[in-house]
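A short write-up of the structure that comes next.
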Amino acid sequence: MKNIALAIVLVVTVAACGSKKEIPELLEGNYRAHTVSFEENKPVINLEKDNLKEILILLHHRKSPGEIKKHYQLSDNIWNERINYLFGKGLIKKFNDSSFIPTFFVLDEENGASLKKFADSLGAEMSGIAIDRLNKIREVYAKIPSFKNIPFDYVSMFILGGLIHDGAQLKNYQDQFVKAFIPRRGGSNYYLSLIQNEEANSSSPKIYETRFYIYPAFTLGSFASTVYERNIATYATSELTKDFGKPAAKSDSVYQITLLNELVGMSKSGGYKPPAKILDGFKRYGILANGKSTIPVLSKVDRLRLEELSNVATQDIISYFENRQTLFVKWYLNSQYREETSYKEWMIWVYKLITAKTIDVLIEKAYIKTFGGNTASFILEK
């Protein structure tokens with residue numbers, strides 16, 4: 162608790178001094194945009210055009226319209242066009258009558274350092290929930306037909322990471338703890354963040370995401386750290402060609418379907434074997450372990466049972482956050498985020514930061530086994 166209290170003190174200092182830096186320094190490093198949406202279609206937002214992302218970052222650092230216009234040499238007309246666009250998308254609001262601030266979560270490097278310390282303390286502690294519930298999780302897992310021939314360890318990243326702490330669990334958290342309408346931005350309802358300098362090291366902010374890649378006959382799902390995602394949909398052309406035998410005449414997307422069909426074939430028939438080159442690629446990339454696929458193929462019926470599996474830990478997770486509500490409110494009110502985004506939206510991203518540490522601890526303690534990198538893939542039948 163001392164570490165958490167220190168993190169609260171640190172954020173007050175960071176929030177107070179952030180705007181003293183010059184614009185070029187504030188824009189150093191890389192900012193990644195992330196969304197959380199429970200709608201079927203993922204929101205489409207492009208902040209890379211017209212310096213929109215940079216404008217939002219500078220407004221977060223309380224730079225004035227005059228300073229930003231001067232830096233980018235923008236006329237009043239162009240500035241107004243960009244501000245009106247951001248207003249229309251629900252990404253900014255007025256601040257102090259003469260300026261604007263973002264309405265969503267912008268995590269710069271300095272705020273990220275203090276918030277990460279805070280989140281990591283809780284995330285390490287929260288890993289105990291999955292450990293305590295592991296026997297029950299395994300019991301429910303054993304009853305799902307799609308996993309009949311797949312050892313639990315092979316899909317532990319998917320189960321203990323993606324299911325227990327993301328996906329349907331994130332929706333449970335939204336419905337039972339956050340209990341708020343998701344912000345309406347443009348034509349979609351979603352939470353948004355910009356996070357600076359996410360890196361694959363212990364000192365940088367980190368979140369895990371569940372992503373989906375749509376193909377004609379099925380959907381490939383992927384659960385991974387946002388800075389390290391490796392699956393069939395993301396392999397480079399050179400990898401598909403060299404390691405899986407992709408013919409030069411076939412496009413990457415067409416050959417991805419070929420590979421996924423081979424995995425589906427293996428799931429339907431225990432004796433089925435893909436062509437030798439593809440089989441070698443599956444082994445090399447951790448898609449096969451001891452002759453068994455680490456990528457489950459899930460029917461619609463199985464997906465309903467997976468919700469039951471995620472529910473094993475739901476009440477414990479909700480109670481964990483409810484019991485620390487005062488702590489979260491205090492942290493939020495002592496940060497600059499109280500002026501920008503709502504407490505509810507802030508708590509979505511705090512959850513993502515906390516559970517990132519939880520998952521890392523489960524990996525470190527070998528409750529989660531990883532094959533071919535820290536990515537869990539799964540195939541959804543349509």
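Note that my numbering has the sequence shown beginning at 162, numbered continuously upward.
Think of the CB as a built atom: it goes at the ideal place given N, C-alpha and C, for glycine as much as any other residue.
Identity of the residue in the options nearest residue i by Cα
i, options, result
"residue 373", "192, 538, 207, 206", "538"
"residue 497", "542, 276, 210", "276"
"residue 287", "376, 514, 251", "514"
"residue 523", "295, 213, 185", "295"
"residue 334", "226, 425, 481", "481"
"residue 203", "350, 470, 469, 489", "350"
"residue 470", "319, 490, 364", "319"
"residue 224", "492, 341, 188", "188"
"residue 368", "535, 494, 316", "535"
"residue 485", "250, 476, 443, 283", "283"
"residue 356", "411, 341, 196", "196"
"residue 382", "464, 231, 479, 516", "464"
"residue 205", "424, 352, 445, 406", "352"
"residue 525", "460, 301, 435, 285", "285"
"residue 324", "468, 435, 230, 476", "468"
"residue 227", "208, 210, 184", "184"
"residue 252", "391, 365, 348", "348"
"residue 519", "280, 219, 274, 233", "280"
"residue 428", "231, 311, 208", "311"
"residue 521", "472, 409, 387, 322", "322"
Distance between residue j and residue i (C-alpha atoms, nearest Å)
i, j, result
"residue 458", "residue 466", "14 Å"
"residue 257", "residue 245", "17 Å"
"residue 404", "residue 385", "22 Å"
"residue 454", "residue 530", "14 Å"
"residue 512", "residue 221", "21 Å"
"residue 400", "residue 329", "32 Å"
"residue 393", "residue 417", "6 Å"
"residue 448", "residue 456", "7 Å"
"residue 338", "residue 199", "15 Å"
"residue 303", "residue 248", "50 Å"
"residue 541", "residue 297", "24 Å"
"residue 487", "residue 402", "54 Å"
"residue 172", "residue 490", "Because the pLDDT of residue 172 is 47, which lies under 50, any placement of that residue in the model is unreliable, and the question is left without a value."
"residue 292", "residue 528", "8 Å"
"residue 437", "residue 370", "33 Å"
"residue 181", "residue 299", "52 Å"
"residue 309", "residue 398", "33 Å"
"residue 376", "residue 201", "15 Å"
"residue 317", "residue 516", "15 Å"
"residue 462", "residue 391", "27 Å"
"residue 426", "residue 213", "46 Å"
"residue 430", "residue 314", "21 Å"
"residue 365", "residue 432", "45 Å"
"residue 255", "residue 435", "59 Å"
Nearest-angstrom beta carbon gap, residue j and residue i [assumed within contact, 8 Å]
i, j, result
"residue 190", "residue 358", "4 Å"
"residue 421", "residue 439", "That belief does not hold up - the Cβ atoms of residue 421 and residue 439 are roughly 11 Å apart, past 8 Å."
"residue 354", "residue 261", "Residue 354 to residue 261, Cβ: 18 Å. No contact."
"residue 216", "residue 193", "17 Å between Cβ atoms; not a contact."
"residue 250", "residue 345", "With 8 Å as the limit, residue 250 and residue 345 do not qualify as a contact, their Cβ atoms being about 10 Å apart."
"residue 543", "residue 379", "6 Å"
"residue 307", "residue 460", "6 Å"
"residue 501", "residue 264", "7 Å"
"residue 305", "residue 474", "16 Å between Cβ atoms; not a contact."
Beta bridge counterpart(s) of residue i as assigned by DSSP
i, result
"residue 384", "371, 537"
"residue 155", "Only positions 162 to 543 of the chain appear in this structure, which leaves residue 155 out of reach."
"residue 544", "Since the first and last residues shown for the chain are 162 and 543, residue 544 lies out of range."
"residue 497", "Residue 497 is not bridged to any residue."
"residue 356", "193, 268"
"residue 458", "540"
"residue 450", "453"
"residue 389", "386"
"residue 260", "256"
"residue 379", "542"
Chain C contact for residue i (CB, 7 Å cutoff)
i, result
"residue 247", "The structure shown has no chain C; it contains just one protein chain."
Pairing CB atoms from the stretch 232-243 with CB atoms from the stretch 262-271, are three or more of them under 8 Å?
-> Contact fails between the stretch 232-243 and the stretch 262-271, because fewer than three Cβ pairs, one in each stretch, are under 8 Å apart.
Any contact of the stretch 314-328 with the stretch 498-510, i.e. 3+ C-beta pairs under 8 Å?
-> no
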